[in-house]
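Following: one structure in structure tokens, then a few remarks.
There are 4 protein chains.
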Amino acid sequence: MTRPNPALGEGWFPSRWGPNDEQGAGNLQGPETVLRAQAMIRTGEIIPLGFPYRVGMPLSPGRTFGIKMPGGPSGGPEGAVSQTVWNDDFVVAELGQIGTHMDALGHVGHQIRLPCGHCETLVYNGNKLSDIWTPYGLRKLGIDKAPVFYTRGVLLDVEGLFGTPLENGFEITPDHLRQCLERQGLGQEGWLNPGDVVLIRTGHGARFFSHADSWYDGAPGLGLAAAEYLATLQPSVVGADNFAVDVIPAVDPEVVLPCHQHLIMRHGIYLHEGMKLDDLAQSGRSEFVYAFAPLRIEGATGSPGTPFAIL
Amino acid sequence: MTRPNPALGEGWFPSRWGPNDEQGAGNLQGPETVLRAQAMIRTGEIIPLGFPYRVGMPLSPGRTFGIKMPGGPSGGPEGAVSQTVWNDDFVVAELGQIGTHMDALGHVGHQIRLPCGHCETLVYNGNKLSDIWTPYGLRKLGIDKAPVFYTRGVLLDVEGLFGTPLENGFEITPDHLRQCLERQGLGQEGWLNPGDVVLIRTGHGARFFSHADSWYDGAPGLGLAAAEYLATLQPSVVGADNFAVDVIPAVDPEVVLPCHQHLIMRHGIYLHEGMKLDDLAQSGRSEFVYAFAPLRIEGATGSPGTPFAIL
Amino acid sequence: MTRPNPALGEGWFPSRWGPNDEQGAGNLQGPETVLRAQAMIRTGEIIPLGFPYRVGMPLSPGRTFGIKMPGGPSGGPEGAVSQTVWNDDFVVAELGQIGTHMDALGHVGHQIRLPCGHCETLVYNGNKLSDIWTPYGLRKLGIDKAPVFYTRGVLLDVEGLFGTPLENGFEITPDHLRQCLERQGLGQEGWLNPGDVVLIRTGHGARFFSHADSWYDGAPGLGLAAAEYLATLQPSVVGADNFAVDVIPAVDPEVVLPCHQHLIMRHGIYLHEGMKLDDLAQSGRSEFVYAFAPLRIEGATGSPGTPFAIL
Amino acid sequence: MTRPNPALGEGWFPSRWGPNDEQGAGNLQGPETVLRAQAMIRTGEIIPLGFPYRVGMPLSPGRTFGIKMPGGPSGGPEGAVSQTVWNDDFVVAELGQIGTHMDALGHVGHQIRLPCGHCETLVYNGNKLSDIWTPYGLRKLGIDKAPVFYTRGVLLDVEGLFGTPLENGFEITPDHLRQCLERQGLGQEGWLNPGDVVLIRTGHGARFFSHADSWYDGAPGLGLAAAEYLATLQPSVVGADNFAVDVIPAVDPEVVLPCHQHLIMRHGIYLHEGMKLDDLAQSGRSEFVYAFAPLRIEGATGSPGTPFAIL
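If you read the sequences in order, they're chains B, V, Y and H.
Just so you know, the first sequence maps onto residues 82 to 392 in this note's numbering.
Just so you know, the second sequence maps onto residues 82 to 392 in this note's numbering.
Just so you know, the third sequence maps onto residues 82 to 392 in this note's numbering.
Just so you know, the fourth sequence maps onto residues 82 to 392 in this note's numbering.
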């Protein structure tokens, strides 16, 4: 390998939760984070932070999403009097990696070339992908290992800071985040507790359905420096309204998806991608409850679903 | 048709929310239910109320569940230094109708025979299935129309009442529910507010993985009288740890899934099936926050996911 | 209904093979057609008459085609010495209706409105679709009921007649077919035996991969008159290098897919769509063996695969 | 590695057709094999040599087969007069590896451990699996590279030899095959031409639907010696009515699926598994035309379909 991988740095495993940990920053969730989150609730309004799923939504190249309705109806009629019928849906999809979704800790890896010239892929906590992979799901680090997230959330509205949606390839820096804190009156110190969730609004989400064909071509997002800054504050989740949290294309073409590697692999922090953050931004609230319970398909690499904010 | 369908009765539509409503008792959700629910929180402990999803779990006859991992890994390596790789999962399933899931209002219907001898299927709010059906999802009443549920929940522990899991075919009556209220100290009046959620523990859930092959053969559950009693209290959701909320087989073989028809079609109340309620019961808490955000696949007949309780 | 449906005419069922027949013109296949076909073989050259299947090929709106490889590899290593591994593929598709495929007799229907105002769909042999439909396949008239086809084939090269690919919407008439017979030296009488196969080259096939996105927008093809002419000669199969055999859009907008209805429903003749006929045309051979063994998925509405000619 | 792998032996690649060949013994197909096959035809009778595909058929552990019908119907009505409707089917399956199917040359491999301790999987012609694998199909050696097979076939009826179906684990030896030749009057020399197909009847096929749950538990089949004997005669395809052609469990537990490795990897001979051979055996014909045109899904590891014999 040429130079060290700046996204991982030295000694990036074992994790601070030990070599057998599968939950990463999910360990920071607990009754105390729940009780702390409660204090955020003012009006009781709930705002969904995800997009619905439909044929025609953006898909990363190679991925599939289809829904078919078996029969019309799927069952019945049963019961001479009730004449009961029912309907099913049938879905085929890279379910953990479409639309609004949270990545599992086993989703991203780093391939190393060994002295012998052969390669090995390492994922969170130094697990060898070859040890945890099966054709039918991950043996470890699947999204089923993630906890239910119910904790304080903070929105950093970078689109709001610039007053316009950011362009593809725009790198969000620590300084941009500090300017957001300033602008949003969150202060520079103690604005985030360990276990809290940080959501980054870039403006890319507003193009989700309207620019479905080009949505995955590129995006504004976090650069490695911003990810490093956030990691020091130990959030459980970093989310954004783009498709990778990372800025695309990568600032350094030799270091692709550095925020993925730095946040997931080194710090066990979950990424929530493809979020819908405009309604939340329009509410004017920077602090709220973030709630998300992953769909626990064993061995899946991520989870779709509907994260939501409570104001 | 022989006799009137007791599960629906007369004039079961339009709904109380008007002929165009697609949300049913979801309309009872709102800031006030959220704020009321907050008062339930004591310890901040979170308890998942659903099972994970895996090949080998119980499936209703004819349904499919598969997870395949495309490639190993699915993408990469990208970046000469980061050598970034990633993994996807691919799921094929009657996704809205497997394991722990909530039924959409369009899931269940009643087929009527017209004077001419032909049939028509009606669903919630008197919609003709033929008007809302497409091969690629429901035009109306899909689970994407449901709200985020965050509200007070009440557990009625019928298994606890009898001290043993109920047998397949055991009908839970209003009297059983009243005995649970008594035993759990919930009182007979005002124990449920409109918009609250009622969860019924039968003991069938404990057999979910251990008796996967026979799990759908039958189940203890609510009879029509119990559903009628609950409906008068206007819950948003009625859930249970069996596969249909209804007792199976039906008490009256001519009236199949009467609770489905009565609760969903007449009252727009959502059913949450295949729930995991043992941990909640063991907590000793009868009142709690129930939270569930459906996976919003447009036109789907239901949603899997992880409902959870906050204690 | 306004006027009689010219594609079906009066008394279009029962079929000539009786009211219970499910094989239609497949009944014309037998040892004698096989032996007759043998006489066509000269060089022994085999020419595939279908396209391969890949992501990116044309798909009718709403249909899906995906192939995913579970794992890498899917199984093994097994055996301390042999270290045997194996690979699987996983396909999701409207398998009977993509790319080059043969329609089952249950694929197409005609919806009638009854005096009471309700509708019923009739398919081959007057079967009510509601009697044979299930959410998991057709009870009758699935492609598994079709025979193995091995019989004399005749290519009518309409593109060759005009010296250029036909345009979308170009209707092929009986006169065009007779001109092909003349040009190809096949004579006007006795050029087709009952049970033979007729393949029509329009030129649309050459645009299959190169114009995948627009391939289903329209096509040259047979008009009803041409289908009626061919039907009198009792072929087992009529195939073409377009997507419906029929000309698209329909000549008479009130009569959509008339060749489908006339050939499949009235005469039980199988349609082979999306064929690759250029190599065959370039061989200069108008008569050959046509061989096709449908993929016998029970209850499927059609079959993909590789029909082939033996010269 | 402990000892050399007897299934592959030394210098098993490059193939006799050169290091870039992807067709293996398919190269032995050509006009001459077609013309030679013609001479086998006597009565013109066609016998399918495959089973239909249905939910409930045997599946190798981990594999899925489902068919769902989108809508009822899937499309239409279109045309005010024709009121045309149509039906699709939707299939999800390890399509190339279920029921009766032919393996692609890229299906089976041999994992080697390198001095450095790392592993590499080699497939036909010494290709590294890592070079040809993608998550969406094989770059090389997919079943789409196989030719149309139309050639002389020979049935060796080992079940007939013993007068009873063979038991699971029964190894068929060269001597058994010679006894079949004797019994069937095929002679010991020159009974097979290069490019011909050999089909082995074990009796396991008769249990395909009746013993679906246990069908993959084990099977009678060829041992390595029998495969070596057949390979010297250069068939294009070796087929059998069991699920692996190989005897299961393996005679030598350290050498699993040796016929797979020897025939496919060393000799490029295609395996046709799960065949239905009883009707052919009952016809009394040992020589016939074997015809099979693989379903050419690009990059697929095998093909389902309906091979057939012409008598």
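A virtual CB, placed ideally from N, CA and C, is assigned to each residue, including glycine.
A straight line joining the alpha-carbon of B/Val-279 with that of B/Asp-184 spans about 15 Å. By the 16-neighbour rule on beta-carbons within 10 angstroms, Y/His-292 is exposed. Identification of chain H residues near Y/Asn-86 by a Cβ-Cβ cut-off of 8 Å yields Val-162, Ser-163 and Gln-164, ordered along the chain. For H/Tyr-205, no CB of chain B lies under 7 Å from its own CB, so it is not counted at the interface with that chain. The C-alpha of B/Gly-383 is placed about 8 Å away from the C-alpha of V/Asp-170. Among the residues facing chain H, Y/Ala-307 is not included, as its CB has no counterpart in that chain under 7 Å away. Fewer than three beta-carbon pairs drawn from the segment 252-260 of chain Y and the segment 215-226 of chain Y are found closer than 8 Å, and the two stretches are therefore not classed as touching.
With 16 or more neighbouring CB atoms inside 10 Å of its own CB, H/Thr-387 falls in the buried class. Residue-level contact check: B/Gly-147 touches chain Y, since one or more beta carbons of chain Y fall below 7 Å from its beta carbon.
Around H/Pro-100, the same chain offers Phe-94, Asn-206 and Gly-207 as residues with beta carbons nearer than 8 Å, after the five sequence neighbours per side are excluded. For Y/Cys-340, the closest C-alpha among the options Y/Leu-311, Y/Met-356, Y/Leu-361 and Y/Gln-363 is that of Y/Leu-311. In this chain, the beta strand (DSSP E) harbouring V/Thr-202 covers 200-203. In the displayed model, B/Glu-354 falls within a strand according to three-state DSSP. Pairing V/Leu-305 with V/Ser-295, the inter-Cα distance amounts to about 24 Å. Residues of the same chain with a CB within less than 6 Å of the CB of V/Val-172, apart from the 5 flanking positions on each side, are Ile-148 in chain order.
The alpha helix (DSSP H) runs of length 4 or more contained entirely in the segment 217-267 of chain Y are, from start to end of the chain, 239-243 and 255-264. Contact residues of the segment 170-203 of chain V toward chain Y are Phe-171, Val-173, Leu-195, Pro-196, Cys-197, Gly-198, His-199, Cys-200 and Glu-201 (C-beta to C-beta distance below 9 Å).
Any Cβ of chain B closer than 7 Å to the Cβ of Y/Pro-142 would place that residue at the interface, and such an atom is absent. Any Cβ of chain H closer than 7 Å to the Cβ of B/Met-121 would place that residue at the interface, and such an atom is absent. By DSSP's assignment, Y/Trp-167 forms a beta bridge with Y/Gly-156 and H/Val-189.
Neighbourhood of B/Gly-152 in chain H, by CB distance below 7 Å: Met-150 and Gly-153, in chain order. Contact between Y/Ser-367 and Y/Leu-267 holds, with the beta-carbon distance rounding to 6 Å and staying under 8 Å. Of the other Cβ atoms in all chains shown, 16 or more fall within 10 Å of the Cβ of H/Thr-283; this residue is therefore buried. Rounded to the nearest whole angstrom, the C-alpha separation of B/Gly-137 and B/Ile-127 is 27 Å. Between the segment 242-252 of chain V and the segment 192-205 of chain V, the count of C-beta pairs closer than 8 Å stays below three; the two stretches do not touch. Put simply, the backbone Cα of B/Pro-112 is about 17 Å away from that of B/Gln-315. Using a Cβ-Cβ cut-off of 7 Å, Y/Pro-385 counts as an interface residue toward chain H, since at least one Cβ of chain H sits closer than that to its own.
V/Tyr-217 belongs to the set of residues whose beta carbon lies under 7 Å from a beta carbon in chain Y. Within the same chain, His-343 come within 7 Å of H/Glu-309 by CB-CB distance, once the 5 residues on both sides are set aside. Its Cα nearest to that of Y/Leu-237, the residue Y/Ile-281 stands out among Y/Gly-250, Y/Phe-230 and Y/Ile-281. In the three-state reduction of the DSSP assignment, H/Ala-120 falls in the coil class, being assigned neither a helical nor a strand state.
By the CB criterion at 7 Å, V/Glu-354 and V/Asp-225 fall outside the cutoff. Residue pairing by DSSP puts B/Pro-385 in a beta bridge opposite B/His-182. Considering only beta carbons, the part of the segment 362-383 of chain H lying closer than 7 Å to chain Y consists of Ala-372, Ala-374, Pro-375, Leu-376, Arg-377, Ile-378, Glu-379, Gly-380, Ala-381 and Thr-382, in chain order. Per DSSP, H/Ile-148 lies in no alpha helix (DSSP H); the unbroken beta strand (DSSP E) holding it starts and ends at 146-149. Below 8 Å, too few C-beta pairs join the segment 153-167 of chain B and the segment 100-110 of chain V to call them touching: fewer than three.
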